[in-house]
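Numbering (the numbering used here), first residue to last: 1047 to 1356.
Every residue gets a Cβ at the ideal spot worked out from N, C-alpha and C, and that includes glycine.
Written below as structure tokens is the structure these notes are about.
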Amino acid sequence: MVAYVASCRPTIPWSRELTPTFCDTTYHESGYIKLPHKANDQYFYWYFESRSNPTDDPLVLWLEGGAGTSSIWALLNENGPCSIGEDGNSTQFNAHSWTNHANMIWLDQRTGVGFSFSGGRDDDHIEVDVGRNVYEFLLEFFQANPFYIAGQSYGGHYPDVYDDLGVVKTTLFLNQPWVQQQLHVHKPYAMSNATVLEDFAVDEERNAVHFVASILARGLRELIYAGDADLICDWKGNDAWTRKLQWSGHDGFNAANVTPFVVNGNVAGTVQAANELAFVRVFNSGHCVPRDQPAVSAALINRFLQNETL
């Protein structure tokens, strides 16, 4: 799901620019932001400028699901500017990165996930807490730039195919001393945090569609997409709730034709869109669309960010 929001970015004293030869040649930085309303919660992020026009291109925040899964995994395995090389000790260029036409932040959230950490004195257990944390992070980070939020999953029970998903390679790579020195981190990396997943076990069952309706009521655009082979967040379920969603554009959305989603002359899925809401079913993709269909994923997000017809 992607939503349009606006926020701001000041100079951040807790971040450092990374070596240009590490991951990508564009400007990028990583670091921690201490959440001012918490005892000692530190959110880790990795920011990349757009490869095209950083000044005018929008800013996108990627939030990985889980709950309890690191966004840095997605950066290195799905839609980031680089992936881990075959030798496990280098990075290689990703031609289909979402940074082709957007400035991007991958944020390790919730507290304790990935490289983010805390003193453990004020844990979070519901999305309202996490929403406040992300809000405070953004207040510390942004200054008057177009801004989008993107994320996947939440609450899915991932199957035991970690090796195929690059989890082992990613974990080994991010725990190497030279990589941690580049990223300015000092914490062992793990893709998933079982404690966080357990803490949010109840919250993940709560209905959240009213948040979507609230965003649409503000005139903000939303993009919902799902792979047709996704067994965690299946496309039929996503199709059903978007059709039933109660908002001012309900009738117009349901009356809209389902049309082919075409990328490079090939039908890559279907799209139903009207007013501020769009739902896209991506063919031949599982739970991680940017990983399974990188070119299709890049075309989809680029058209949405540029407000083009899907």
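For S1076, the uninterrupted beta strand (DSSP E) segment begins and ends at H1074 to K1080. Taking P1100 as the centre and dropping the five residues before and after it, the same chain places the C-beta of N1149 closer than 7 Å to its C-beta, in chain order.
Beta-bridge annotation (DSSP): I1151 is paired with Y1093 and L1107. Taking 8 Å as the cut-off, the beta carbon of V1342 is found closer than this to the beta carbon of A1314. Counting along the chain, the unbroken alpha helix (DSSP H) around T1288 starts and ends at W1281 to K1290. Within the region 1264-1344, the complete alpha helix (DSSP H) segments at least 4 residues long are 1281-1290, 1296-1301 and 1335-1338, listed from N- to C-terminus. Closest by C-alpha distance to L1184, out of G1295, N1303, W1152 and Q1352, is W1152. An exposed status is given to R1264, since fewer than 16 other beta-carbon atoms sit within 10 Å of its beta-carbon.
The C-alpha of H1232 lies about 9 Å from the C-alpha of N1221. Scanning its chain for C-beta atoms nearer than 7 Å, with the 5 sequence neighbours on each side dropped, one finds around T1216 the residues W1119, L1122, N1123, I1130 and M1237, in chain order.
Note on W1281: 16 or more other CB atoms within 10 angstroms of its CB, so buried under the neighbour-count rule.
Our two residues, A1344 and A1272, have alpha carbons roughly 14 Å apart in a direct line.
For S1143, the secondary structure class from DSSP, reduced to helix, strand or coil, is coil. Across the set I1270, V1308, S1294 and G1295, the C-alpha of I1270 shows the shortest separation from the C-alpha of G1283. Taking the Cβ atoms as the reference, D1154 lies roughly 5 Å from S1116, within the contact range of under 8 Å. Between Y1089 and N1179 the beta-carbon gap is near 7 Å, inside 8 Å, which marks them as a contact. Taken atom to atom, the span from the alpha-carbon of L1277 to that of G1332 is near 7 Å. Distances from the CA of A1275 to each of C1334, T1157 and S1164 were compared; the closest alpha carbon is that of C1334. Distance between W1092 and F1350, taken at the CA atoms: about 23 Å.
Burial is judged here by how many other beta carbons sit within 10 angstroms of a residue's own beta carbon; E1132 has fewer than 16 and is exposed.
No Cβ-Cβ contact shorter than 8 Å links L1291 with A1324. A Cβ-Cβ distance of about 6 Å is found for the pair W1287 and V1255, placing them in contact under the 8 Å criterion. In terms of Cα proximity to V1309, the closest of R1097, I1347 and H1083 is I1347. Less than 8 Å separates the beta-carbon of N1146 from that of S1098. Closest in alpha carbon position to D1087, among F1163, Q1352 and N1253, is F1163.
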